[in-house]
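Visitor: The numbering of the sequence shown is the numbering used here, which starts it at 1 and goes up by one.
For glycine and all other residues, C-beta sits at the position ideal for the given N, C-alpha and C.
If you're wondering where the values come from, they're calculated on a predicted model, not measured in any experiment.
For reference, the structure I am asking about is given below.
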Amino acid sequence: MIRLSNICKSYRLGEVLLPVLKDISLTIGAGEFVAIMGPSGSGKSTLLNIIGCLDSVESGSYHLNGIPIDGAGDEELALIRGDKIGFIFQLFNLIPRINAERNVELPLLYAGIARHERKRLALAALESVGLGDRALHSPMQLSGGQQQRVAIARALVNRPDIIIADEPTGSLDSLAGREIMEIFAKLHAEGKTIVIVTHEEDIAAFARRVIRLRDGRIERDDIRP
Ligand SMILES: Nc1ncnc2c1ncn2[C@@H]1O[C@H](COP(=O)(O)OP(=O)(O)O)[C@@H](O)[C@H]1O
Ligand SMILES: [Mg+2]
């Protein structure tokens, strides 16, 4: 479903062009659970953002479910994201002044779903991550692990096929991190495609496939039997 061919991406810093991804070719099938690892600065987030249609490629091709994504403009990318992809970030990215249920509702608001239906779907998503009883709490009234579970509920509420997470356990203690990974394992068992970035081996061990980047290239791509 995800097919990258010869992807290159650089950032311009003043006069200097900094190559970040160098000729990346990669296929991820529907329902795979993949961890991307590698040293800091090796291009993990850049690659994840391209896979998640948050960023465009410079050269090479990207097909998502057979549809070419390279060449899509920002608006087109936003539509694809809203429909197919749920994102989870290291620092949760919740809105502090609104409660958990309202945070989870936001993608539905952008999708134009009516208030009553939004609330029903948001509560169901919170229940699916074990937070049905925290709907009225604001992010500050929740632990880090609970905030990340709210963020997962928000990513799930549009029923995306693909879940993308950039160091989702990077701000959590090991127990909370493990709880988050158990939710990803459950989503994987339900058939979602999951791609996470992590630098922790015990977190990557939840995935069946581990792709290691080094200096913008794929150094290893291992699938556990
Ligand atoms: N928006 C940007 N502008 C300029 N350089 C960037 C930008 N984003 C990332 N980089 C650079 O690209 C390289 C790879 O970054 P990134 O993909 O975030 O790596 P990782 O997630 O593996 O730490 C780094 O050298 C970083 O400084
Ligand atoms: Mg990163």
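Hey, is Lys44 close to ligand 2, as in C-beta under 7 Å from one of its heavy atoms?
Guide: Taking the sequence shown and counting its residues from 1, the one referred to as residue 44 is at position 44. Yes, the Cβ of Lys44 comes within 7 Å of a heavy atom of ligand 2.
Visitor: Using a Cβ-Cβ cut-off of 6 Å (strictly less than) and excluding sequence neighbours within five positions of Arg283, which residues of its own chain qualify?
Guide: No answer is possible for residue 283: it lies beyond the span of the chain, which begins at 1 and ends at 225.
Visitor: Rounding to the nearest angstrom, what Cα-Cα distance links Ser174 and Glu201 in this structure?
Guide: Reading the sequence shown from its first residue, position 174 is the one you call residue 174. Reading the sequence shown from its first residue, position 201 is the one you call residue 201. Approximately 12 Å between the Cα atoms of the pair.
Visitor: When burial is assigned at 16 or more other CB atoms within 10 Å of the CB, is Asp83 buried or exposed?
Guide: For the purposes of this step, residue 83 is taken as residue 83 along the sequence shown, with counting starting at 1. So Asp83 ends up on the exposed side.
Visitor: Given the structure, does Asp215 come close to ligand 2, in the sense that its CB is under 7 Å from one of the ligand's heavy atoms?
Guide: In the sequence shown, residue 215 corresponds to position 215, counting from 1. It does not: the Cβ of Asp215 is nowhere closer than 7 Å to a heavy atom of ligand 2.
Visitor: Could you check if Val197 belongs to the surroundings of ligand 2, using beta carbon to heavy atom distance under 7 Å?
Guide: Sequence index remark: in the sequence shown, residue 197 carries index 197 (1-based). Checking every heavy atom of ligand 2 against the Cβ of Val197, one is found closer than 7 Å.
Visitor: Does DSSP put Gly60 in a helix, in a strand, or in coil?
Guide: Start at 1 with the first residue of the sequence shown, and residue 60 comes out as number 60. Correct three-state label for Gly60: strand.
Visitor: Quick one: Cα of Ala165 to Cα of Ala135, how far?
Guide: Stepping through the sequence shown from its first residue, residue 165 is reached at position 165. Stepping through the sequence shown from its first residue, residue 135 is reached at position 135. Distance between the alpha carbons of Ala165 and Ala135 is about 22 Å.
Visitor: Would a C-beta distance cut-off of 8 Å place Ile7 and Ile28 closer than the cut-off?
Guide: Here the question's residue 7 lines up with position 7 in the sequence shown. Here the question's residue 28 lines up with position 28 in the sequence shown. It is not a contact, given that the beta carbons lie outside the stated cut-off.
Visitor: Output needed for Ala124: all residues of its chain with C-beta closer than 7 Å, excluding positions within five of it in sequence on either side, in chain order.
Guide: Locating residue 124 in the sequence shown gives position 124, counting from the first residue. Taken in chain order, the list of residues that qualify is empty.
Visitor: For Met1, which three-state DSSP category applies?
Guide: Here residue 1 refers to the residue found at position 1 when the sequence shown is read from its first residue. Correct three-state label for Met1: coil.
Visitor: How is Asp133 classed by DSSP in three states: helix, strand or coil?
Guide: Taking the first residue of the sequence shown as 1, we reach residue 133 at position 133. Of the three classes helix, strand and coil, the one that applies to Asp133 here is helix, per DSSP.
Visitor: Identify every residue that forms a DSSP beta bridge with Glu87.
Guide: What you label residue 87 is simply residue 87 of the sequence shown in a count that begins at 1. Just to set this straight, residue 87 is Phe in the shown sequence, not Glu. In DSSP, Phe87 forms a bridge with Ile164.
Visitor: Which two residues bound the contiguous beta strand (DSSP E) that contains Arg97?
Guide: For the purposes of this step, residue 97 is taken as residue 97 along the sequence shown, with counting starting at 1. Where Arg97 is concerned, there is no enclosing beta strand (DSSP E), given that its DSSP letter is neither H nor E.
Visitor: Can you tell me where the alpha helix (DSSP H) holding Ser174 begins and where it ends?
Guide: Reading the sequence shown from its first residue, position 174 is the one you call residue 174. Taken as a continuous stretch (DSSP letters only), the alpha helix (DSSP H) holding Ser174 covers Ser174 to Ala189.
Visitor: May I ask whether a heavy atom of ligand 2 can be found less than 7 Å away from the beta carbon of Asp268?
Guide: The displayed coordinates of the chain run from 1 to 225. Any statement about residue 268 would go beyond what the structure contains.
Visitor: Near Val129, which residues of its chain fall below 7 Å by C-beta distance, leaving aside the five closest residues on each side in sequence?
Guide: By 1-based counting over the sequence shown, the position of residue 129 is 129. Only Arg149, Ile152, Ala153 and Ile183 meet the Cβ criterion.
Visitor: Do Ala176 and His137 have their beta-carbon atoms positioned less than 8 Å apart in this structure?
Guide: The residue you call residue 137 lines up with position 137 of the sequence shown. The residue you call residue 176 lines up with position 176 of the sequence shown. Cβ distance not < 8 Å, so His137 and Ala176 don't count as in contact.
Visitor: Could you give the DSSP three-state label for Val150: helix, strand or coil?
Guide: Reading the sequence shown from its first residue, position 150 is the one you call residue 150. Note: Val150 maps to helix in three-state DSSP.
Visitor: Tell me whether Tyr11 is buried or exposed, calling it buried when 16 or more other Cβ atoms sit within 10 Å of its Cβ.
Guide: As a working note, residue 11 is residue 11 in the sequence shown. Under this definition Tyr11 is an exposed residue.
Visitor: For Val34, is the classification buried or exposed, using 16 other Cβ atoms within 10 angstroms of its Cβ as the cut-off for buried?
Guide: Residue 34 sits at position 34 when you count from the first residue of the sequence shown. Val34 should be labelled buried.
Visitor: Tell me the DSSP bridge mates of Leu13?
Guide: Here residue 13 is taken as the residue at index 13 of the sequence shown, counted from 1. Leu13 is bridged to Val16.
Visitor: Using only alpha-carbon positions, find the residue among His199, Pro160 and Ile203 that is nearest to Glu190.
Guide: As a first step, residue 190 is located in the sequence shown; it is residue number 190 there, counting from the start. The shortest C-alpha separation from Glu190 is found at Pro160.
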